[in-house]
Structures are given as C-alpha cells and as structure tokens.
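Colleague: For the protein sequence lines, the chains are A and B, in the order given. The first sequence lines up with residues 17 to 265 when you count with the working numbering. The second sequence lines up with residues 132 to 422 when you count with the working numbering.
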Amino acid sequence: MIQFKHISKIYNKGKEDEVAALSNLNLNINKGEFVVIIGTNGSGKSTLLNLLLGTISPTEGAISINNHDITSLPSFKRSQWISMVFQNPAHGTAPDLSILENFRLASLRAGKKGLQIGINNSFRKTVEEKVSSLGMGLEKKLDQPMGSLSGGQRQALTLLMGVMDKTDILLMDEPTAALDPKSSQVVMQLANKINKDLGITIVLVTHSMKDALHFGNRLLMFHGGQVIRDLNQTDKSALQLGHLQEWFS
Amino acid sequence: MSAFYLTALQMALCLGPMAMGIFISMKVFNIPDITTDGSYTLGATVTAVLLTSNTPVWLVLPISICAGAMAGTITGFIHTKLGIDALLSGILVMTALYSVNLMILGRSNIPLVDIDSIFNKIPFSSNEQYNQLLIALLFVGCILAIIIYLLRTDFGITMRATGNNPIMSKAMGVNNDSIKIIGLAMSNGLTASSGFLVAQYQGFTDINMGIGIVITGLGSVLIADTISKWTNIRKIGKQIMFVVIGCIVFQSVLAFTLSIGIDPNLLKMVTALFVLLIVALPRISKSFAKN
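1. Under the assumption that L154/A contacts Q171/A (Cβ atoms under 8 Å), give the Cβ distance between them as a whole number of angstroms.
2. Between A292/B and chain A, is there a C-beta pair that is closer than 9 Å?
3. Over the uninterrupted alpha helix (DSSP H) stretch that includes M188/A, give me the two end residues.
4. Between the Cα of D159/A and those of M372/B, K366/B, S383/B and I162/B, spot the shortest distance and give me the residue it belongs to.
5. For I196/B, I'd like the list of residues in its chain whose CB is within less than 7 Å of its CB, leaving aside the five on either flank, ordered along the chain.
6. Counting only C-beta atoms, is L184/A closer than 9 Å to chain B at any point?
7. Out of L65/A, K198/A, H239/A and F20/A, which has the shortest C-alpha to C-alpha gap to G151/A?
8. Got a sec: is the Cβ-Cβ distance from K102/B to anything in chain A below 9 Å?
9. Hey, how far is the Cα of K146/A from the Cα of G377/B?
10. Taking C-beta pairs closer than 7 Å, name the residues in chain A that D285/B reaches, listed in chain order.
11. Just checking my contact of M177/A with L220/A at CB under 8 Å: how many whole Å lie between their CB atoms?
12. Mapping DSSP to helix, strand and coil, what is D12/A?
13. Rounded to whole angstroms, what's the CA-CA distance from F250/B to I313/B? Just pull it up for me.
14. With DSSP collapsed to three states, give me the class of G258/A.
15. A207/A CB to nearest chain B CB: under 9 Å?
16. Could you work out which residues of chain B lie near T109/A, taking near to mean beta carbons separated by less than 8 Å?
17. Rounded to whole angstroms, what is the Cα-Cα separation between S351/B and L144/B?
18. Under the three-state reduction of DSSP, which class applies to H223/A: helix, strand or coil?
19. Pop quiz: Q103/A and P191/A are said to be a contact at Cβ under 8 Å. What is the actual Cβ separation, rounded to whole angstroms?
20. I288/B versus chain A: which residues are under 9 Å apart at the beta carbon?
21. So which residues on chain A does N306/B lean against when the C-beta distance must stay under 7 Å?
22. Determine the extent of the beta strand (DSSP E) in which K21/A is found, giving its start and end residues.
23. Let me make sure I understand the geometry here. Which of T206/B, R291/B, L236/B and G221/B has the alpha-carbon closest to that of A110/A?
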C-alpha cells in the first residue's frame, strides 16, 4: 500500500551542516497495519512522516500509495489518502472556527468545497453521534470555538476529524506528547479503535515506550536514517519495556 | 437627522463594502492588504470613464468589481507564487495602480455631473438625500447578504480555516495559495465597488481619492472587533454586520470632528489618531484596571 523505494533525504546538501536524515530506505507498509515508529532524536522518523505528508521532498527515491507515485504530488493533493494528527493539538484544528465547522471542513478533506451551506441538521446529528462516542460531553458544545477546548479534547477531536471523510492512512506524529496521561490514553485507544473498526492504516511516531509496546501490530526502530529493527505482531508481543530501553542505551 | 450626519451615514454605507473587503483580507486571511488604496480608486476610475462614455450603470458595476478583483489577484499572485511578503506585494500593486488609474482617467480628475448614476436610477423617495441613503442601504444590504452567505458555505469555511490555521487547512486538502488569491480578489472587488459608489455619490473621481482609505477600512474593522469582544458575539455573520456598524461609527466620529470646527486639512490626522485610539484602547484600559 505505502512504498518507499530507495529514499534518501539530505538536509542542507553540499553545505557544511549537511545532514543525511534518511539513507536508501526501502519500506513497505501494508493496508490495515498499525505501524509504530520509535527511535532517537534525529533518527529520521519524523522525516519519514513529512515525506509521506509531502511537506518535504526526498533527495532521491520514490514514494507511492496504492501504486500511485506521489513523490512530487503537492501536500494538499495527498489528503485524498492521508489524514494527519500533529504533535501540537493546535496544529490540527482551526481555533476560531466552531467544532462543527472544523468537522465540516474535515468531512470535505478529499471532496469539493463548494458554495452550499453544508452544516444542516443531519450533519449536526452525525457529528453529535461521533463526538458523543468520546464520552467527553463535547457533543453539547459543537457551536463553541475549537480554541476554547483543552489540548486533549482538541487532539481527540482531530483524530475523529481524520476519519470524517474517506481516508486510507492516518499519520500520527507524537500525538500524545503534549497531553496529560488521561487524555493520552483516550487518544491512543481511539486510534486503536479506528484501526480495528475501520481498517485504516496508521503510522504512529512516538517517544512513549509504553505506547510502542501496547499499541500497533508492527514496530519499526529507526537509527541513523535507517530501519534497524522491524518487528511483526508476534515478535512485538514478546517484547518487554526492558528490551526497548536496552535498544536505546 | 442633521444633514451633516446624514451625509456621514451615506458615506459610511458607500464605504461599507470596502470595509467588508478589509475584514476579509485582514480578519479572515490575516493578510494586511494595502492594495485597497489603489483598487478603491480603480473602481472609481473605471466607473467615471464608463459612465461618461454612456455605459449603462448596471454594466459599470460588474466591470469595476472585476477590475478591483484583478488587482487583488495580482497582489495574491505576487504574494503566494513569488513568495513576497503580503504587505510589500500590496504596496507594489498599489503603487503600480496609481499609474494605471492615471492612464485610465487620462487626467487627474473627472467630474460626474448630469450623468445617469445609480443614485438617480431608482426613485425610492422624492427627497434626494433620503433617496441616496436608501439606495446605498439597499446596495450594502445586498452585498452584506451575499458575503454572509458565502462565509457560511463550505467554501467560506475553507477560506476562514486557511486564514486561521494554514497548516490544518493544507492537511484538509486545501490549496492555500489559490484560496488566498481568491480571497484577495474578493476583497479588492468589494473595495472597487465602494469606489463605484463613492464616485457617483460625490460626483467626481479624483486620482488621489484612495490615499489613506485603507485606514478608514481598518478603523471600521477594529471598531467591529471591539463590538464583537464587548458583546461576546463571535458568529461570522454578526461580525461582518459589525463592520458596517464600525464604518458608520467611524464616519460619524469624523463628522463630529468637522462639526466642532476642526480644520478639514487635519482630517487625515484625526482619522489616524482615531484608529490609534481604537487600537490602543484595550491596552490603556487594561493598565488603568491594573493600577
């Protein structure tokens, strides 16, 4: 489904501060997988997400989704396949727009943003149902500005917004880094549910070893711009926190 | 109502679309667009030339709006595609528009007396002053209704999200550059429609009539912002209505200034000081509250 072929990414190429973030990476991610990526700072894991999202271009190599070459496709056009949950909850939502308006935009991610008023009673009801599943009581606050909510609430809503429209891939870049433990739990369990119920492929970058152990069915460890460990569900199940800590030492 | 304040009200309504345009560029897209000074004059210039060549007024309006929209498109293109700062892009286009306007006008001033203008097209009232007021009211009401509708549509939500959080809107499949260009075109199209109205209202077009007009729009938007904060009303439709109210307040303050005998030569300075006061007021009141 997602293919990285001979991908290299070199920042500041030819300059004194040249850095190779990824070197000749070959990686396939299959449909429905929940891939957790761990690694030290500068190991290339966020670069991988940004390459997939299209905010940066590879120095060499090609990326494809469902056999479509997306290497030179602008970021906004990739949204037909990809949803993103950012590390900073503020990045995934428009603070001055109401919750309902944020959801409306999310529901049109891959579609046409036309001249009709799309927020009607039936749309409101759909959003109410989805939001009430979070159990945060936000379904009564749909007309409130998104900016009035806490980071955890916004991140949980961002995740729901990610699957408002048809999507194949959900990218999550350290989505719980700015959240308290309770909100982190809500967000991660919701991600797990989305993967299991909707079969959406998830690529999660995290520094949380606990999340890396408890969630996902494939674990990748990055180091020096390469994948140094690739564990499937069975191998991952046998892992313990101590093993992961050892890998980082 | 005294004729002085009636004139101020008429002028405020004529400038209403321009203030709405500033609201779109500044508050919706977060872009300080200085093209306004040029596109306002462009609207008036096109209006003057077409009306004096006996073009029907219903045709003059869309042409002047398109001219303004074109100016906004150029600013948007320079800003998004050439990566030039929005402020500088606006200044460049505004500067260029001075020459364009002068070329269209052919001289620095065209009088519009005894022409078939929008203000004598529909006889709502036998009183000329009230007729002008009603026509301006109808015009602004129509524009207001269109803009409120537009900002509530899916496209409008997309526009607002782009200005509010471009990272999010891009992730939602929005081509931010194109939306910004469309927004600036809309904003300057509205501004040009004010030029269209004012030229006919005051009975002439002058090459310098747009100088500092952006400050009037900015002041109106800031007053609207203050009303919105005071009333805690954040709905987009209400906010844009407040812009028109802001425009009326702004013009009334200027009328009051003149009525108490301040030298008309000082009007631009008074305008700037009034805007400064609106901007500084929240900070001043906060520091007073602290002490």
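Positions of the beta carbon are idealized from the N, C-alpha and C atoms, including for glycine.
Modeller: Taking the geometry as given:
1. For this step, residue 154/A is matched to residue 138 along the first sequence. For this step, residue 171/A is matched to residue 155 along the first sequence. 12 Å between Cβ atoms; not a contact.
2. By 1-based counting over the second sequence, the position of residue 292/B is 161. Output row for A292/B: interface = yes.
3. Stepping through the first sequence from its first residue, residue 188/A is reached at position 172. From DSSP, M188/A is part of no alpha helix (DSSP H) but of the beta strand (DSSP E) over I185 to D189.
4. The count along the first sequence starts at 1 and reaches residue 159/A at position 143. Measuring from the Cα of D159/A, the nearest candidate turns out to be K366/B.
5. As a first step, residue 196/B must be located in the second sequence, where it is residue number 65. G320, A323 and S324, listed in sequence order.
6. Stepping through the first sequence from its first residue, residue 184/A is reached at position 168. Note on identity: in this sequence residue 184/A is Asp, with Leu being the wrong assignment. By this cut-off, D184/A is not an interface position.
7. By 1-based counting over the first sequence, the position of residue 151/A is 135. When each option's Cα is compared against that of G151/A, the closest is K198/A.
8. Missing from the structure shown is residue 102/B; chain B here goes from 132 to 422 and no further.
9. Indexing the first sequence from 1 puts residue 146/A at position 130. Indexing the second sequence from 1 puts residue 377/B at position 246. For K146/A and G377/B, the distance between alpha carbons rounds to 40 Å.
10. Looking up residue 285/B in the second sequence gives position 154. In chain order: R120, L124, K129, G130, Q132 and G134.
11. Counting from 1 along the first sequence, the entry for residue 177/A is found at position 161. Counting from 1 along the first sequence, the entry for residue 220/A is found at position 204. That pair is no contact at about 17 Å.
12. With chain A represented from 17 up to 265, any question about residue 12/A goes unanswered, as that position is not in the structure.
13. Taking the first residue of the second sequence as 1, we reach residue 250/B at position 119. Taking the first residue of the second sequence as 1, we reach residue 313/B at position 182. Their backbone Cα atoms lie some 30 Å apart in a straight line.
14. Here residue 258/A is taken as the residue at index 242 of the first sequence, counted from 1. Here G258/A sits in helix by DSSP.
15. By one-based count along the first sequence, residue 207/A stands at place 191. By this cut-off, A207/A is not an interface position.
16. As a first step, residue 109/A must be located in the first sequence, where it is residue number 93. Near T109/A (Cβ distances below 8 Å), the residues of chain B are N296 and M299.
17. Indexing the second sequence from 1 puts residue 351/B at position 220. Indexing the second sequence from 1 puts residue 144/B at position 13. S351/B and L144/B: Cα-Cα distance of roughly 12 Å.
18. Within the first sequence, residue 223/A is the residue found at index 207, counting from 1. H223/A falls in the coil class under three-state DSSP.
19. As a working note, residue 103/A is residue 87 in the first sequence. As a working note, residue 191/A is residue 175 in the first sequence. About 7 Å separates the two Cβ atoms, so the contact holds.
20. Taking the second sequence and counting its residues from 1, the one referred to as residue 288/B is at position 157. Within chain A, the residues near I288/B are A110, L113, E117, N118, R120, L121, L124, K129, G134 and I135.
21. As a first step, residue 306/B must be located in the second sequence, where it is residue number 175. Result: F92.
22. To locate residue 21/A, count along the first sequence from 1; it is residue 5. Run containing K21/A: I18 to Y27, per the beta strand (DSSP E) assignment.
23. By one-based count along the first sequence, residue 110/A stands at place 94. With distances taken between Cα atoms, A110/A lies closest to R291/B.
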